[in-house]
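In my numbering, the protein residues as written are 692 to 863.
Have a look at this one:
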C-alpha cells in the first residue's frame with residue numbers, strides 16, 4: 692500500500708462543501724475506498740466581522756474553490772475524485788497531482804500526529820466534554836485519521852451511532 696498524502700482538488704466556486712459531501716458519500720458506499728481516502732477537508736478560519744457596530748466571529752473558507760484530501764494516490768482514487776460532481780481537477784502540472792509538503796501543510800493546522808488512546812472497540816467509555824457530556828457508550832468504531840470514536844447512544848429509546856472526538860472521551 693502506498694503512503695497517504697495530502698492533495699488539493701480544485702472545485703467550482705461555492706461547491707466546496709458539496710464536493711466534500713459527495714466524496715464522503717462515495718467512500719461510505721465503497722468500503723475499499725475508505726482505506727485509501729482517509730480524510731476530506733475544507734479549511735476554515737475564524738474571522739471577526741464588524742457589521743452595524745457589532746463584532747461577530749464567523750468562519751470563512753481559507754481557500755475558496757479548493758478541497759484538501761488525505762489519500763493514497765492510485766488510479767482508482769484519482770478516478771473517483773476526478774469524476775466527482777463539482778471537481779474540475781487536481782492541483783498540479785497537467786493531469787499529475789502533486790502532494791502538499793510538510794511546510795505547506797503547517798500553516799493549515801494539519802499535523803501528522805499519532806494519538807494514543809487507552810480504549811479499543813467494544814470498551815465502554817464516558818463522554819467528558821461537548822454536546823454528549825456525561826453520556827456512556829460502547830465503542831463501535833475507531834477512526835484514527837479523523838481521531839474520532841463512534842459509540843452507540845440511546846436516543847428516544849433507540850440505539851443511535853454518534854461520532855465523538857478522542858479528546859472528549861475517557862475509558863470507564
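We treat Cβ as the ideally placed atom computed from N, Cα and C, and that holds for glycine.
Between the Cα of residue i and those of the options, spot the shortest distance and give me the residue it belongs to.
i: residue 726; options: 788, 760, 831; result: 760
i: residue 758; options: 842, 861, 706; result: 706
i: residue 698; options: 824, 843, 788, 793; result: 788
i: residue 771; options: 752, 799, 715; result: 715
i: residue 732; options: 723, 826, 814, 796; result: 796
i: residue 768; options: 749, 751, 791, 721; result: 721
i: residue 826; options: 854, 730, 774; result: 854
i: residue 755; options: 704, 785, 723, 773; result: 704
i: residue 774; options: 792, 702, 850; result: 702
i: residue 790; options: 745, 765, 776; result: 765
i: residue 776; options: 708, 846, 845; result: 708
i: residue 845; options: 823, 833, 741; result: 823
i: residue 813; options: 835, 842, 742; result: 842
So is residue i buried or exposed if we call it buried at 16+ other beta carbons inside 10 Å?
i: residue 781; result: buried
i: residue 828; result: buried
i: residue 860; result: buried
i: residue 794; result: exposed
i: residue 852; result: exposed
i: residue 818; result: buried
i: residue 798; result: exposed
i: residue 840; result: buried
i: residue 710; result: buried
Check the C-beta distance from residue i over to residue j and give it rounded, since I have them as a contact under 8 angstroms.
i: residue 838; j: residue 857; result: 5 angstroms
i: residue 762; j: residue 712; result: Their Cβ separation, rounded to whole angstroms, is 16 angstroms, which puts residue 762 and residue 712 out of contact at 8 angstroms.
i: residue 863; j: residue 808; result: Not really, about 13 angstroms apart at Cβ, beyond 8 angstroms.
i: residue 700; j: residue 778; result: 5 angstroms
i: residue 729; j: residue 752; result: That belief does not hold up - the Cβ atoms of residue 729 and residue 752 are roughly 21 angstroms apart, past 8 angstroms.
i: residue 746; j: residue 738; result: The pair is not a contact, with the Cβ atoms about 11 angstroms apart (cut-off 8 angstroms).
For residue i, which of helix, strand or coil comes out of DSSP?
i: residue 737; result: strand
i: residue 824; result: coil
i: residue 729; result: strand
i: residue 764; result: coil
i: residue 722; result: helix
i: residue 791; result: coil
i: residue 863; result: coil
i: residue 775; result: coil
i: residue 745; result: strand
i: residue 770; result: helix
i: residue 782; result: coil
key: Secondary structure, alpha helix (DSSP H): runs of 4+ residues fully inside the stretch 808-859   = Taken in chain order, the stretch 808-859 contains no complete alpha helix (DSSP H) segment of 4 residues or longer.
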